[in-house]
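In what follows, a structure is listed as structure tokens, so that the remarks can point back to it.
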Amino acid sequence: MPGFELFGAEERKEVNDVLETGILMRYGFDGPRKGIWKAQELEKAITETFGCQYAQLTSSGTAALTTAMVALGIGAGDEVIMPAFTFVASFEAVLSVGAIPVLVDVDDTLTLNPIAVKNAVTPKTKCVMPVHMCGSMADLDALAAICKEHNLILLEDACQSIGGTYKGKALGTIGHAGTFSFDFVKMITCAEGGVVMTNDKEVYTKSDGYTDHGHDHLGVDRGADLHPFIGYNYRISELHAAVGLAQIKKLSTFLELQKKNNKALRAYLEQVPEISFRRVPEGGEDSCSFLSWFLPTAEQTQAVVAEMKEQGILAGNFYWFANNWHYISKWDHLKNATTLSRISDEQEAALTKLKSTVFAESDAIMSRCISTAISLVWTEDQIHEKGTRMVAAINKVLGK
Numbered sequence: 005m006p007g008f009e010l011f012g013a014e015e016r017k018e019v020n021d022v023l024e025t026g027i028l029m030r031y032g033f034d035g036p037r038k039g040i041w042k043a044q045e046l047e048k049a050i051t052e053t054f055g056c057q058y059a060q061l062t063s064s065g066t067a068a069l070t071t072a073m074v075a076l077g078i079g080a081g082d083e084v085i086m087p088a089f090t091f092v093a094s095f096e097a098v099l100s101v102g103a104i105p106v107l108v109d110v111d112d113t114l115t116l117n118p119i120a121v122k123n124a125v126t127p128k129t130k131c132v133m134p135v136h137m138c139g140s141m142a143d144l145d146a147l148a149a150i151c152k153e154h155n156l157i158l159l160e161d162a163c164q165s166i167g168g169t170y171k172g173k174a175l176g177t178i179g180h181a182g183t184f185s186f187d188f189v190k191m192i193t194c195a196e197g198g199v200v201m202t203n204d205k206e207v208y209t210k211s212d213g214y215t216d217h218g219h220d221h222l223g224v225d226r227g228a229d230l231h232p233f234i235g236y237n238y239r240i241s242e243l244h245a246a247v248g249l250a251q252i253k254k255l256s257t258f259l260e261l262q263k264k265n266n267k268a269l270r271a272y273l274e275q276v277p278e279i280s281f282r283r284v285p286e287g288g289e290d291s292c293s294f295l296s297w298f299l300p301t302a303e304q305t306q307a308v309v310a311e312m313k314e315q316g317i318l319a320g321n322f323y324w325f326a327n328n329w330h331y332i333s334k335w336d337h338l339k340n341a342t343t344l345s346r347i348s349d350e351q352e353a354a355l356t357k358l359k360s361t362v363f364a365e366s367d368a369i370m371s372r373c374i375s376t377a378i379s380l381v382w383t384e385d386q387i388h389e390k391g392t393r394m395v396a397a398i399n400k401v402l403g404k
């Protein structure tokens with residue numbers, strides 16, 4: 005995801021504002037910082053851009069997920085339903101708060117299958133966490149209905165879908181809370197960073213304190229703050245926030261370019277009748293950071309991957325089924341409960357159970373899927389060359 009592709013004078017200006025004061029921390033030092041509060045500015049810009057009431061920046065998307073779970077009261081022994089296709093950070097955050105990740109199948113949206121979610125609900129279920137992978141979303145109406153029926157929390161991991169919308173609302177602002185990642189390869193970047201978004205003041209207040217050692221931020225200075233609960237250090241720095249502040253001002257341009265280039269490349273793949281495309285739920289608008297497409301069989305898909313690799317055109321095309329970071333088939337460290345410190349017996353039992361859990365529906369989908377990353381800086385000639393060569397490789401495998 006391409007925020008880093010268009011990085012220039014705007015980012016340098018915001019960073020230099022911070023460097024000129026020498027105050028790199030987001031809290032305190034009111035006098036020397038000379039009115040420069042980049043983290044506060046970015047939080048305000050996030051609420052205005054995405055339409056949520058509150059935003060709390062964090063040091064990473066993973067930290068944002070962890071913070072959101074704690075602020076929502078998710079903890080030891082609670083089950084969190086999540087998809088078998090995601091990034092490892094999603095289950096890392098669940099485990100970090102003592103909760104239990106319950107992985108279920110995805111459908112052709114590449115996100116949570118609502119039927120699988122409904123079948124996975126138990127008395128221990130506390131939260132449903134859709135992960136809006138590769139720029140597009142889960143069926144949020146269906147998931148919200150399940151959450152309402154069973155009195156569950158809906159937490160959106162929207163780290164890969166900045167700029168996507170569902171029925172007019174920004175992804176990440178629809179559930180009880182949502183998160184973005186601003187790492188180097190996200191739609192907009194802080195280099196490293198994340199945010200918790202919510203419309204619930206209590207969730208925001210808890211997130212604000214939890215990310216800064218439990219400080220209540222109500223004193224006249226940091227030394228006067230009280231600590232109503234234990235927290236940790238998940239703060240973002242002013243330097244990282246400064247980069248994000250420049251990037252968020254470019255978001256509309258990023259999205260315009262991304263959607264144009266996605267549409268242009270798709271026109272080439274649409275020339276192959278055997279190719280189908282990821283389903284976007286009705287009312288949803290994809291951020292278009294990826295073009296995700298399917299071939300009829302796993303064997304054909306694997307052959308296309310091999311052919312594109314042979315021709316030197318695989319770069320930027322992701323076969324998630326065999327990817328070490330994104331699909332359960334490759335997560336041996338999770339299924340073996342390989343940790344550096346002891347986890348609870350309940351967590352260990354749940355993880356080792358994954359060894360024998362079959363994800364046949366997800367396998368049938370992910371084994372046929374390739375996602376092509378979309379660049380902001382492609383020229384028309386580059387898109388033509390890329391599309392033409394991809395189609396030729398696909399047709400060669402299909403025997404056409």
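In the working numbering, the protein residues as written are 5 to 404.
Glycine is no exception: its CB is placed at the ideal position from the N, C-alpha and C atoms.
Where do the ends of the beta strand (DSSP E) carrying residue i lie?
i, result
"T376", "373–377"
"M201", "198–202"
"F298", "294–298"
"F184", "181–185"
"Q60", "58–62"
"M191", "Taken as a continuous stretch (DSSP letters only), M191 belongs to no beta strand (DSSP E), as it is neither H nor E."
"M86", "83–87"
Between the options, which has its C-alpha nearest residue i's C-alpha?
i, options, result
"K263", "S348, G168, T90", "G168"
"V125", "A146, H154, S140", "H154"
"A67", "T343, G182, E314", "G182"
"V199", "E83, I240, A13, E389", "I240"
"G403", "E311, C151, G7", "E311"
"N340", "K357, S348, N328", "K357"
"T25", "K17, P36, S140", "P36"
"G197", "S64, F363, L380", "S64"
"G12", "K359, A250, V22", "A250"
"M86", "D112, K128, V132", "V132"
"P118", "E83, C151, K210, D367", "C151"
"T113", "F233, F281, D21", "F281"
"E83", "L99, T90, F89", "L99"
"L299", "I279, R283, K313, S293", "I279"
"K190", "E15, S360, C163", "C163"
"A364", "S333, T342, E352", "S333"
Which residues mark the beginning and the end of the alpha helix (DSSP H) in which residue i is found?
i, result
"K130", "First-last for K130: 129–132, but that is the beta strand (DSSP E), not the alpha helix (DSSP H)."
"S211", "205–214"
"F95", "92–100"
"F258", "255–273"
"E384", "384–402"
"D336", "336–339"
"D367", "364–370"
"V19", "13–25"
Compute the beta-carbon to beta-carbon distance between residue i and residue j, rounded to the nearest angstrom, for a pair I have assumed lies under 8 Å.
i, j, result
"V19", "L295", "V19 to L295, Cβ: 33 Å. No contact."
"L147", "V121", "6 Å"
"S165", "S291", "6 Å"
"I104", "G81", "7 Å"
"L46", "G248", "5 Å"
"Y331", "F325", "6 Å"
"R226", "Y31", "6 Å"
Determine, using beta carbons only, whether residue i and residue j come nearer to each other than 8 Å.
i, j, result
"L230", "G391", "no"
"S60", "T215", "Per the sequence shown, the amino acid found at residue 60 is Gln instead of Ser. Yes; because the gap between Cβ atoms is below 8 Å, this pair is in contact."
"L273", "W297", "yes"
"A97", "A245", "no"
"I374", "N265", "no"
"Y208", "G288", "no"
"V395", "V308", "no"
"V106", "L116", "no"
"P6", "L318", "no"
"S366", "T305", "no"
"F184", "M137", "no"
"D3", "P134", "Because the chain in this structure spans residues 5 to 404, residue 3 falls outside the shown range and cannot be described."
"L338", "L355", "yes"
"Q315", "R393", "yes"
"W329", "V92", "yes"
"S293", "G139", "yes"
Going along the chain, which residues of its own chain have a beta-carbon closer than 7 Å to the beta-carbon of residue i, five neighbours each way excluded?
i, result
"C56", "T177, M201, T202, N203"
"V101", "T70, M73, V74, I78, G79"
"M141", "T115, S165, G168, Y170, L175, P285, G288"
"F33", "I27"
"G320", "T376, A377"
For residue i, I'd like the list of residues in its chain whose CB is within less than 6 Å of its CB, leaving aside the five on either flank, ordered along the chain.
i, result
"F8", "F188, T193"
"S211", "Q60, T71, A75, V200"
"I387", "A268, L269"
"I398", "V276, V308"
Only counting the same chain, and skipping five residues up and downstream in sequence, which positions put a Cβ closer than 8 Å to that of residue i?
i, result
"E384", "A268"
"G223", "D229, L230"
"H180", "L76, I157, L158, L159, T202, D204, V207"
"I252", "L46, A49, I50, T53, I192"
"G235", "G213, Y214, T215, D216, H217, G218, H219"
"M29", "R239, S241, E242"
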